[in-house]
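Visitor:
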Amino acid sequence: AVSDERPVSTQSTWGSRSFDDLLDFGKVSVPATGASDIFGSTAAADDIFGTSVIQKTRTVKDPSLLIRLLVTDDGLLYDDDMVTLNVKTKCERTSGILKMKLFYQNKTNQVISNVKLDVVTSEGVQIDLQPNAQFNIHGEQQVQQFVKISCLKPFNTLPRISIQGVHGSPFIIDLELPVVFTKFMNPFKLDPKDFTTRWKQMKGRITVCDSLQTSSLVRDADWPLV
20 AVSDERPVST
30 QSTWGSRSFD
40 DLLDFGKVSV
50 PATGASDIFG
60 STAAADDIFG
70 TSVIQKTRTV
80 KDPSLLIRLL
90 VTDDGLLYDD
100 DMVTLNVKTK
110 CERTSGILKM
120 KLFYQNKTNQ
130 VISNVKLDVV
140 TSEGVQIDLQ
150 PNAQFNIHGE
160 QQVQQFVKIS
170 CLKPFNTLPR
180 ISIQGVHGSP
190 FIIDLELPVV
200 FTKFMNPFKL
210 DPKDFTTRWK
220 QMKGRITVCD
230 SLQTSSLVRD
240 ADWPLV
């Protein structure tokens with residue numbers, strides 16, 4: 020008997036595709052903003068090669084540092100394992116200007132590069148920086164930055180700043196400057212005798228509060244001012 024079966028072709032199904040088609044994997048398009056992986060998902064090129072950089076936020080560990088500086092002119096504002104930030108201020112009250120020096124101290128052997136201070140909020144004040152461009156802090160060195168703060172009107176909130184830079188990887192530090200409106204006020208000097216006289220004149224118009232409210236951010240242990 021003669022069989023009607025025909026031999027099955029052993030030619031690969033890829034044979035029907037052109038050589039160019041084989042090279043571009045079926046003409047899979049690659050988006051301009053990313054790269055298509057072998058599973059058809061799209062991701063940023065940095066993520067595919069494991070080079071994506073995440074900015075690290077460094078937080079204030081001791082809020083009492085800021086509180087102390089609200090009632091003093093010099094002291095430590097920020098401290099961590101990488102950098103310390105000290106502050107020294109001098110207020111010219113007659114002109115409404117507070118001059119501040121920031122002392123950046125690199126505590127490591129590695130350079131801190133592209134350091135830049137940005138003003139986030141500045142209610143009632145104008146803030147000028149020198150230098151106002153990026154700068155580097157080499158290992159175990161100190162760099163100064165000058166800040167001029169001009170009081171424009173009474174204000175209730177502290178100026179907020181952010182300090183960005185690179186130390187192995189990018190980082191950002193969010194801080195409040197120890198600048199309160201009372202620092203721009205001139206004291207009124209009185210002799211002890213005159214003070215007693217004035218106090219008696221004000222008697223009856225003064226309400227003395229016999230109770231205190233404490234903030235959850237401030238405890239007795241936070242006030243070692245001496």
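Note that the sequence shown covers residues 20 to 245 in the working numbering.
All C-beta atoms in this analysis are idealised placements derived from N, C-alpha and C, irrespective of residue type, glycine included.
So within the stretch 189–216, which uninterrupted alpha helix (DSSP H) runs reach at least 4 residues, ignoring any that extend past its ends?
Guide: Runs of the alpha helix (DSSP H) inside the stretch 189–216: none found.
Visitor: Return the chain-ordered list of same chain residues with a C-beta closer than 7 Å to the C-beta of L88, the five sequence neighbours on each side being excluded.
Guide: If we look at L88 and ignore the five residues flanking it on each side, its Cβ neighbours are G94, L96, V106 and P197.
Visitor: Look at the alpha carbon of K167 and the alpha carbon of K118, and state the distance between them as a whole number of angstroms.
Guide: Computed Cα separation, rounded: 5 Å.
Visitor: Just to confirm the assignment, what range does the beta strand (DSSP E) spanning L148 have?
Guide: Start and end: V144 to Q149.
Visitor: Along the alpha helix (DSSP H) that carries I86, what are the first and last residues, could you check?
Guide: Unbroken alpha helix (DSSP H) run through I86: S83 to L88.
Visitor: Would you give the residue range spanned by the beta strand (DSSP E) that H186 belongs to?
Guide: Per DSSP, H186 belongs to the beta strand (DSSP E) from R179 to H186.
Visitor: Comparing C-alpha positions only, which one of L136, T113, K109 and V130 sits nearest to P178?
Guide: Measuring from the Cα of P178, the nearest candidate turns out to be L136.
Visitor: For the putative contact between N18 and G184, defined by C-beta atoms under 8 Å, what is the C-beta separation to the nearest angstrom?
Guide: Missing from the structure shown is residue 18; the chain here goes from 20 to 245 and no further.
Visitor: Mind checking whether V144 and F174 have CB atoms under 8 Å apart?
Guide: Contact flag set, yes.
Visitor: Starting from the Cα of S83, find the closest Cα among Y123, W218 and E195 and give me that residue.
Guide: Measuring from the Cα of S83, the nearest candidate turns out to be E195.
Visitor: Cβ of I180 within 8 Å of Cβ of V138?
Guide: Yes. Within cutoff.
Visitor: Which residues bound the beta strand (DSSP E) around I116?
Guide: Looking at the DSSP string, the run of the beta strand (DSSP E) that includes I116 is I116 to N125.
Visitor: Could you check whether E142 and T103 sit closer than 8 Å to each other, using their CB atoms as the reference points?
Guide: No.
Visitor: With DSSP as the reference, please indicate the residues paired to N105 in a beta bridge.
Guide: Looking at the DSSP assignment, N105 forms a beta bridge with L95 and F122.
Visitor: State buried or exposed for I73, treating a residue as buried only when at least 16 other CB atoms are found within 10 Å of its CB.
Guide: Exposed, by the Cβ-count rule.
Visitor: To the nearest whole angstrom, what separates the beta carbons of G115 and F200, a pair I think is in contact under 8 Å?
Guide: Not really, about 11 Å apart at Cβ, beyond 8 Å.
Visitor: Taking 8 Å as the cut-off, decide whether the C-beta atoms of T108 and D92 are in contact.
Guide: Against a cut-off of 8 Å, the Cβ pair of D92 and T108 comes out as a contact.
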